[in-house]
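Engineer:
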Amino acid sequence: MSQERTPHVMRLARAALADYPVEVRRLRLVSDHLNVVFRAETADGRVLAVRAGRPGWRTEADLRVEAAWLQALAADSDIGAPAVVPTRWGEAFTSAGAAGIPERHLCLVTSWIPGRRLRRPLPAAAPRRLGELSARLHAHAATWRVPRGLQPVRADRVLARGEPGVRFGGVLEAAAERVAAEAAGLWAGPAPPRAIHNDLNQDNVLVDGDRLRPLDFEDVGLGYPVQDIAMTFHDLLCYAGLDPEGYARAKAAFADGYTRLAPWPEQHPGQVDAFIAGRLLWRANYSARLEGDRGFLHRVAECLRVYLRTGALLRP
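Residue numbers (this note's numbering): 15 to 330.
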């Protein structure tokens, strides 16, 4: 984050917090990446998280679905997800702007979750506990219904949020066809979709004592547990610093933790891998549109070439 930008985003946070019934004593910038995140300490002793979303990244409809599930988790579970703090007018979020910031930001305020993030190297016990947490979230979502009038994103295709698609051709197109066929079969089945976190990974949980607590529900949508697990495995593959043997052990430990609480949701072997391939395709499309990283595209293409031939996925 640039020092020149910091005063502007601090004003943005204070503008957002003006819509809440809180008196802020201390405000600290925590992250300025895709979203801007702040830690706010209030006069009544609370600690809050303030997230100012990147304009255009998530819609008001997305935030309403996210807030609705967080409110349900707080009301009828002890999973320990962040609790939504309503505005003075009872709204789940607000919109704020500030001098030096060219666009208004959608801002969500929640309780601050204590704990530390999982770091490299990934602790040996973490994947099993992550599997248990995933199973608990899936069990809650199976009993919860999205409130009438809300329209969650449906994870029934690679570009589920209607992003512009880049035409790749060749191996990427062949992989996309396989993923689309897998998604079509899954969504045509008798089981209804449910809310999924859609980004439950080692960077979106905190270690709080003897348990893991989930963060960052902004990618919530409707889907199936097997798709949610694919997102977790994608990040274990790509971002946890694991070698192939370590990745295999982490997957097995996750599955062990999950199946202690729920049946493993794959309908056939390799179904999770198909949706990991779908995540790689999404990343390739994102990179082509917004980053122009041709080297990354070539690495993804090689990973998917191996996947189409062998069913195995490599880290790009």
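Note that beta-carbon positions come from the ideal geometry of N, C-alpha and C, so glycine has one too.
Does residue 117 come out as helix, strand or coil in the three-state DSSP assignment?
Structural biologist: Residue state, collapsed to three classes: coil.
Engineer: What does the alpha-carbon distance come out to for the pair residue 115 and residue 66?
Structural biologist: Roughly 12 Å separates the two Cα atoms.
Engineer: Short check: CB of residue 149 to CB of residue 274, under 9 Å?
Structural biologist: Their beta carbons are under 9 Å apart, which means residue 149 touches residue 274 by this criterion.
Engineer: Output yes or no for whether 9 Å exceeds the beta carbon distance between residue 229 and residue 221.
Structural biologist: Contact: no.
Engineer: Where does residue 160 fall in DSSP's three states?
Structural biologist: Residue 160 falls in the coil class under three-state DSSP.
Engineer: Suppose the cutoff is 6 Å on Cβ atoms and the five residues either side in sequence are ignored; what does the same chain contact list for residue 36 look like?
Structural biologist: So the qualifying residues of the chain are 56.
Engineer: Hey, which unbroken runs of the beta strand (DSSP E) at 3 residues or more fall wholly within the segment 140–217?
Structural biologist: With a minimum length of 3 residues, the continuous beta strand (DSSP E) runs that stay inside the segment 140–217 are 208–210.
Engineer: Please go through the same chain and pick out, in chain order, the residues whose beta-carbon is closer than 6 Å to the beta-carbon of residue 32, but skip the five residues on each side of it.
Structural biologist: The answer is none, since no qualifying residue turns up.
Engineer: Please report the straight-line C-alpha distance between residue 140 and residue 38, rounded to a whole angstrom.
Structural biologist: Taking the straight line from one Cα to the other gives about 35 Å.
Engineer: Report the three-state DSSP secondary structure of residue 279 (helix, strand or coil).
Structural biologist: In the structure shown, residue 279 sits in coil (DSSP, three-state: anything other than H, G, I, E or B).
Engineer: Could you spell out where the beta strand (DSSP E) holding residue 228 opens and where it closes?
Structural biologist: Run containing residue 228: 225–228, per the beta strand (DSSP E) assignment.
Engineer: Which one or two residues does DSSP pair with residue 56 in a beta bridge?
Structural biologist: In DSSP, residue 56 forms a bridge with 38.
Engineer: Taking the continuous beta strand (DSSP E) assigned at residue 222, which residues delimit it?
Structural biologist: That run of the beta strand (DSSP E) goes 219–222.
Engineer: Who are residue 235's beta bridge partners in DSSP?
Structural biologist: Answer is 210.
Engineer: Pull up the distance between the alpha-carbon of residue 318 and that of residue 327, whole angstroms please.
Structural biologist: So the alpha carbons of these two residues sit roughly 7 Å apart.
Engineer: For residue 242 versus residue 136, is the C-beta distance shorter than 9 Å?
Structural biologist: Result no, Cβ atoms of residue 242 and residue 136 do not sit closer than 9 Å.
Engineer: Is the segment 42–52 close to the segment 75–90, with three or more CB pairs under 8 Å?
Structural biologist: Output reads no: the segment 75–90 does not touch the segment 42–52.
Engineer: Let me confirm a value: residue 23 is counted as buried when at least 16 other C-beta atoms fall within 10 Å, else exposed. Which label applies?
Structural biologist: It counts as buried.
Engineer: Flag this pair as yes or no: are the beta carbons of residue 50 and residue 26 separated by less than 9 Å?
Structural biologist: Cβ distance < 9 Å, so residue 50 and residue 26 count as in contact.
Engineer: So does the segment 159–176 actually touch the segment 231–239, counting three or more Cβ pairs closer than 8 Å?
Structural biologist: They touch, by the three-pair rule.
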